Amino acid sequence: MVHFSGYCRLCEAQVPSRKRLSWNETILETKHFVVMPSLGALVPGWLLIVPKNHVLSAALLSPRMTNELVQVTDSVVQMVTETYGPTYILEHGPALPARRVGCGVDHAHLHAVPFAGDLRKRAEAFLPTGSAFVSGSLLEAKRAVDRGEDYLFIREPSGNAFVATHHNFESQTFRMAIATSLGMSEQYNWREYPQAQNVDATLGRLRDFAKRQRSNRDLVRTGVA
Ligand SMILES: [Zn+2]
Ligand SMILES: [Zn+2]
Numbered sequence: 051m052v053h054f055s056g057y058c059r060l061c062e063a064q065v066p067s068r069k070r071l072s073w074n075e076t077i078l079e080t081k082h083f084v085v086m087p088s089l090g091a092l093v094p095g096w097l098l099i100v101p102k103n104h105v106l107s108a109a110l111l112s113p114r115m116t117n118e119l120v121q122v123t124d125s126v127v128q129m130v131t132e133t134y135g136p137t138y139i140l141e142h143g144p145a146l147p148a149r150r151v152g153c154g155v156d157h158a159h160l161h162a163v164p165f166a167g168d169l170r171k172r173a174e175a176f177l178p179t180g181s182a183f184v185s186g187s188l189l190e191a192k193r194a195v196d197r198g199e200d201y202l203f204i205r206e207p208s209g210n211a212f213v214a215t216h217h218n219f220e221s222q223t224f225r226m227a228i229a230t231s232l233g234m235s236e237q238y239n240w241r242e243y244p245q246a247q248n249v250d251a252t253l254g255r256l257r258d259f260a261k262r263q264r265s266n267r268d269l270v271r272t273g274v275a
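All residue numbers for the sequence shown refer to the working numbering, where the first residue is 51 and numbers rise by one.
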């Protein structure tokens, strides 16, 4: 595992002794990715999909890693959808460390968020002038990063994906859109509102679900089922 030399909350989240904090608990794990609850979850079921290595954004992953990420993401969407309903995948991808869009976490992570409604439209209202969501994948995100722009990525429950790019997004755009839609706009900031009750609720329902999924897979693999 490649660790960043400075402080990184998501590198630290993978240190075994820090796993005791509920929001660092592993729900699912693959060779290169780990899935955990999200600190600041505005609703139960909100998860983070995190590469184990310290990389700035999903746009910078190798094609092989991207394939693995797509697989993990599909499993997560299925799990969260079955338990909580239609689920969005979101990423705020900085072109460089310490950008506003990164909000102090310069380690790639996709947010999986159950949300009833048109979150893309909601988020569009918070985009800076001149920026809009256009149909596109992490490939378009990578192109944005290559020309020095930050990006916001959203994959809708239907599977359709969109990317918005800009040189200076506000911090926590998606969180502002979600918090406002839920009528709790004042709680959008995860630093002020860790929402530990939602983290606990998520663990309560998804920890066992993930364990069952894993053991079903193992049974299939060993030919028992
Ligand atoms: Zn890191
Ligand atoms: Zn984030």
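Every residue, glycine too, gets a C-beta built ideally from N, C-alpha and C.
Since the model is a prediction, treat every value here as computed from it, not as a measurement.
Query, Result
"Tell me whether residue 183 sits in a helix, a strand or coil according to DSSP, three-state version.", "coil"
"Do the region 157-174 and the region 107-121 touch if we need at least three Cβ pairs shorter than 8 Å?", "yes"
"Give me every residue whose Cβ sits closer than 6 Å to any heavy atom of ligand 2, in chain order.", "142, 155, 159 and 161"
"So residue 83 is in the beta strand (DSSP E); what residue range does that whole segment cover?", "83-87"
"Do the region 204-221 and the region 164-177 make contact, defined as three or more Cβ pairs closer than 8 Å?", "yes"
"Tell whether a beta-carbon distance below 9 Å holds between residue 126 and residue 137.", "yes"
"Using CA coordinates, which residue listed in 171, 167 and 123 is at the minimum distance from residue 83?", "123"
"Between the alpha carbons of residue 142 and residue 200, how many angstroms are there, rounded?", "8 Å"
"When you compare the CB positions of residue 162 and residue 214, do they come within less than 9 Å of one another, or not?", "no"
"Could you check if residue 74 is buried or exposed, using at least 16 other CB atoms within 10 Å of its CB as the buried criterion?", "buried"
"Do you know offhand how far residue 61's Cα is from residue 68's?", "10 Å"
"Cβ of residue 25 versus every heavy atom of ligand 1: is any distance shorter than 8 Å?", "This structure cannot settle anything about residue 25, because the visible part of the chain is limited to 51 through 275."
"Among residues of its own chain, excluding the 5 on either side of residue 206, which ones have a beta-carbon nearer than 8 Å to its beta-carbon?", "138, 169, 170 and 212"
"Beta-carbon within less than 8 Å of residue 225's beta-carbon, same chain only, minus the 5 sequence neighbours each way: which residues are those?", "90, 92, 238, 239 and 240"
"Buried or exposed for residue 120, please, with buried defined as at least 16 other CB atoms from any protein chain shown within 10 angstroms of its CB.", "exposed"
"Put residue 201 into one of helix, strand or coil per three-state DSSP.", "strand"
"I think residue 88 touches residue 98, with their Cβ atoms under 8 Å apart; what is that distance to the nearest whole Å?", "5 Å"
"Using CA coordinates, which residue listed in 112, 72 and 94 is at the minimum distance from residue 189?", "112"
"Would you kindly work out how many angstroms separate the C-alpha atoms of residue 257 and residue 76, rounded to a whole number?", "8 Å"
"For residue 229, count the other beta carbons within 10 Å of its own beta carbon; 16 or more makes it buried, fewer makes it exposed. Which is it?", "buried"
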